[in-house]
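One structure below.
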Amino acid sequence: MAKISEELLLQRAENEFLQGNFKKALRSYGLILKDHPTLDEAKVGVYLSDLGSDSQDEAQALFDYYQIIKDEKENAVDIIDGLLDSLDTTKQTLQELLLDPVEEEVEYGDGIRYSDFLKLVESRESFKKAFEDIMFSTKVVITDKDEFI
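Under our numbering, the letters of the sequence shown match residues 1 to 149, in that order.
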């Protein structure tokens with residue numbers, strides 16, 4: 001009876017994942033892991049549902065790949081885990097590479113950070129005066145989207 005229940009829960013979580021309801025799928029896989037902490041399919045489901053919240057296409061591709069190899073390879077979970085680690089490392093490296101030019105422009109170019117501009121406004125006690133001081137010689141560099149809003 002427990003096996004049928006486990007399979008039904010996995011099927012429901014899988015359907016939620018396939019429909020793109022990654023939060024629901026994550027919750028369902030988490031509940032399965034609560035009762036069956038060693039179940040590899042639920043572990044992979046948690047990883048991929050979490051990834052799906054950020055990148056649906058990547059999560060779907062890895063999910064499809066896992067479905068293909070899970071019956072053929074004994075170490076399918078390790079393969080998916082390795083792919084996820086590699087994906088995470090690649091994203092982190094790209095993010096660092098993209099941030100470096102912005103930081104370089106701020107540090108060595110003709111730019112100041114938005115937070116520094118706000119300090120300048122505060123010291124001049126006028127936005128207009130601060131803006132006039134920098135408008136022809138300096139770029140205001142916004143490094144975080146929250147600064148823009």
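Think of the CB as a built atom: it goes at the ideal place given N, C-alpha and C, for glycine as much as any other residue.
| Query | Result |
| --- | --- |
| Beta carbon of Leu87 nearer than 8 Å to that of Glu58 | yes |
| Cutoff 7 Å; reference Val77; Cβ partners in own chain excluding five residues on either side | Asp40, Lys43 and Val44 |
| Cβ-based neighbour list, Phe22, same chain, cut-off 6 Å, excluding 5 preceding and 5 following | Ser49, Gly52 and Ser53 |
| Gln19 classed as buried or exposed, judged by whether at least 16 other C-beta atoms fall within 10 angstroms | exposed |
| Alpha carbon of Leu33 to alpha carbon of Val46, nearest angstrom | 9 Å |
| Alpha carbon of Asp29 to alpha carbon of Glu16, nearest angstrom | Per the sequence shown, residue 29 should be read as Tyr rather than Asp. If you take the alpha carbons of Tyr29 and Glu16, they lie about 10 Å apart. |
| Beta-carbon spacing of Ile79, Lys73 below 8 Å | yes |
| C-alpha gap between Leu62 and Lys70, whole angstroms | 12 Å |
| Closest Cα partner of Ser5 within the set Arg27, Leu31 and Ala25 | Leu31 |
| Pairwise C-alpha distance: Arg124 and Ser55 | 44 Å |
| Spatially closest choice to Asp64 from Glu14, Glu96 and Asp85, by CA coordinates | Glu14 |
| Residue burial classification, Leu8 (beta-carbon count within 10 angstroms, cutoff 16) | exposed |
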